[in-house]
Amino acid sequence: MKHILYTTLLLSLFVSCKKEVKAPETIKKTGLITQNAMVVSARVEASKIGNDILKKGGNAFDAMAATELALAVAYPYAGNLGGGGFMVYRKANGETGAIDYREKAPMAATKNMYLDEDGNVIPEKSTLGAMAVGVPGTVAGVFEVHKKLGSLPIEDILNPVIALAKKGVLVTEKQEKRIAHYQPLFKKANKDSILFDKAWKANDTIKHPNLAETLERILEHGKDGFYKGETAKTLANFVQENGGIITEEDLASYEAQWRTPISFSYDDLKIISMSPPSSGGVCLAQIMKMIEPFHIDEFGHNSEKTIQVITEAERRAYADRSFYLGDPDFVEIPIETLINEAYLGGRMDNFSFEKATSSKDVAHGNIAIIESDETTHYSIVDQFGNAISATTTLNGAYGSKLYCSELGFFLNNEMDDFSSKPGEPNMFGLIGAEANSIVPQKRMLSSMTPTIVEKNGELFMSVGTPGGATIITSVLQTILNVHEFNMTMQEAVNAPRFHHQWLPDEINMEPNSFDKTIIQNLEKLGYSINEKDSPVIGKVDGILVLDDKTLEGGADYRGDDTAVGF
Ligand code: GLY
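Sequential numbering from 800 applies to the sequence shown in the working numbering.
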């Protein structure tokens, strides 16, 4: 909770905490400022295409469609036609909503499809290759958003994306390393050689002629250009030839779903975030409502007490997370109870600054979360005052690594986000819950947390990030950095992040970014600190509406993320 009388103290704390920010010196402390509109995404090409759509008079929803599809071309690491995602929006008139274009289990999926005859999880079956693939949702999501909320003809949106696929995309240094890193798995997952087997170097241009043809069919036939006809036939045959179970019927029956977002207050903010089948909004609400009574602005950014309060709230929220949550079309979810202030107030009753709570003493939940963190996020605010926040994914880096050369895109491995074996540890030591068990046509639980924040009833921020289970806590810290610690959008994105998810019972910290004395003190209180396993926690992109109504972009230096606006 922000204590408004402590502005002076807060500013001095803020100045001192700036020392902790480990972003390279070249990274600006204030992001791009524009007067009217902005797109922030993982790739400059996608941000530019989205921004051009806005400049042409399109709205945030047109730009969402263009940016999402441009990421499929420019950022195949996570951008996709073969995956899925979620978008939260706030229209200029204050109306809010959300769309779920999450992948679904194929009709032939079964609860135990990733288990051997002894009931053991079969290594890699849910992560690598055709059996890992869920029915993709992205194209349906894009067309549904455009149909309901867009304003420009679909040609205006798709033509620049098709042109980008034909012209090609420059390889960045980060991309060169990523492609090289994953090439052994590309070889393992694909029978034939693929475009990404080549030793691509920074500044090479990768052209995507087959993806351009797929996009042209989508331009000609709309959603059906992906889910029916030639593309669907090629895709279903390709998946089946590689041992998977997706059929043309699976593709033809896929529909994106409009959902009611999770909305809650925090001080004078209203947070609007993604509802199930993402756990993001519920979990974010739980954590923020548990933190709200504490004056963390007085404790200071990344101070011992602030880390304690946030960690303990995260511990308790993640203990609830996967036990209760799943696809709302298949399971009853007690959302109102889970985000109820009385319930959450009680959850922190046994918290003390004197000693870490042990995760084994925190009910409910028997879910350790290990998710891959190679998703991507983009935020858009248009010149009319509409805002969107969208997170999209193939799950793992380059998804299942299975690349359909004929269609020009990677396929997701989102089936791994189901609990392969409810009630018992899977191959990652993950103990899944019945609520997230595999059922034909069910959506798998997600952590994606596309979020929009209002302040005093007006648009304040659009924010989100990749990062698997750390998505929720990265979005949380970015909002708190701005609201509690008066950071700019870019500083809030740059600031070092930490993460606790109940199990394993440890605080992951970005390495060499936190005060050593604070780490030692936390260890004395019983916290286990892990600075090794998470060199990067999230790649947050956000847009902040400043007091003078200009926009500030926060584009994460941890990736190639870029803000473009006017
Ligand atoms: N696949 C990552 C997520 O949905 O959270």
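Built from N, CA and C at the ideal position, the CB exists for glycine as well.
Opening and closing residue of the beta strand (DSSP E) in which residue i lies
i	result
Gly1024	Careful: Gly1024 lies outside any beta strand (DSSP E), inside the alpha helix (DSSP H) at Asp1023 to Tyr1026.
Asn1280	It is not in any beta strand (DSSP E) - Asn1280 instead sits in the alpha helix (DSSP H) that spans Thr1269 to His1282.
Tyr888	Gly883 to Arg889
Leu1258	Glu1257 to Gly1263
Ser1178	Thr1174 to Val1180
Ala998	Unbroken run through Ala998: none, as it is neither H nor E.
Continuous alpha helix (DSSP H) stretch holding residue i: start and end
i	result
Leu1210	That residue, Leu1210, is in no alpha helix (DSSP H); it is neither H nor E in DSSP.
Leu984	Glu972 to Ala988
Val1335	Val1335 -> no alpha helix (DSSP H), and no H or E assigned at all.
Phe1098	Ile1095 to Phe1098
Tyr1142	Glu1140 to Arg1146
Ala865	Ala859 to Ala873
Met1288	Met1288 to Asn1293
Glu954	Ile953 to Lys966
Ser840	It is not in any alpha helix (DSSP H) - Ser840 instead sits in the beta strand (DSSP E) that spans Met837 to Ser840.
Closest residue to residue i among the options (Cα-Cα distance)
i	options	result
Val1339	Glu1330, Glu1322, Gly1263 and Ser1333	Gly1263
Ala841	Ala871, Asp851 and Thr833	Ala871
Leu868	His945, Val970 and Pro1303	His945
Ala1294	Ala1196, Tyr900, Pro1303 and Ser1273	Ser1273
Pro1239	Met837, Met912, Asn1149 and Asp899	Met912
Gly1352	Met1308, Lys987, Ile1342 and Asp1360	Ile1342
Tyr1197	Val843, Glu1290, Gly882 and Val1344	Gly882
Lys828	Lys1323, Gln1289 and Gly1043	Gln1289
Glu894	Pro1249, Gly1184, Leu1350 and Met1308	Gly1184
Pro1186	Ala873, Ile852 and Tyr888	In the sequence on display, residue 1186 carries Ala and not Pro. With distances taken between Cα atoms, Ala1186 lies closest to Tyr888.
Ile1251	Met886, Ile852 and Ile826	Met886
Ser1245	Ser1077, Leu927 and Pro1334	Ser1077
Arg1114	Phe1093, Ala1155 and Ser1074	Ala1155
Tyr1026	Asp1346, Asn1235 and Ile1045	Ile1045
Asn891	Thr1287, Glu1111 and Glu1253	Note that residue 891 corresponds to Ala in the displayed sequence, not to Asn. Taking only the C-alpha atoms, the option nearest Ala891 is Glu1253.
Met863	Thr1110, Phe942 and Asn835	Phe942
Ile1179	Val968, Asp1003, Gln834 and Ala859	Ala859
Tyr1356	Gly830, Met800 and Ile1306	Gly830
Ser925	Gly857, Ala908, Lys1104 and Lys1315	Ala908
Met1073	Ala897, Gly1266, Lys1032 and Ala1234	Ala897
Asn1212	Asn1329, Asp899 and Pro935	Pro935
Residue environment, residue i, which counts as buried when at least 16 other CB atoms sit within 10 Å
i	result
Gly1228	At Gly1228, the pLDDT of 35 sits below 50, so the modelled position is not reliable; the number obtained from the coordinates is stated separately. So Gly1228 counts as exposed.
His980	exposed
Asp861	buried
Phe1152	exposed
Phe1365	exposed
Asp1332	exposed
Ser1158	buried
Gln1107	buried
Gln1300	buried
Asp1126	buried
Gln1085	buried
Lys1220	buried
Ala1362	buried
Gly1099	buried
Leu1350	buried
Lys1022	buried
Pro1075	buried
Gly1358	buried
Asp915	exposed
Ser1327	exposed
Ser811	Residue placement at Ser811 cannot be trusted, given a pLDDT of 37 that sits under 50; what the coordinates show is reported in the next sentence. Answer is exposed; the Cβ neighbour count stays below 16.
Residues that DSSP places opposite residue i in a beta bridge
i	result
Ile1071	Ser1062 and Ile1251
Lys1154	Ser1151
Ser1245	Ser1077
Lys903	Val934 and Arg1242
Thr1190	Phe885 and His1176
Ala1112	Answer is none; Ala1112 lacks a bridge partner.
Phe1297	Met1308
Ala897	Val887 and Arg1058
Chain D within 8 angstroms of residue i, Cβ atoms only
i	result
Ile826	Among the chains of the structure shown, chain D does not appear; only one protein chain is present.
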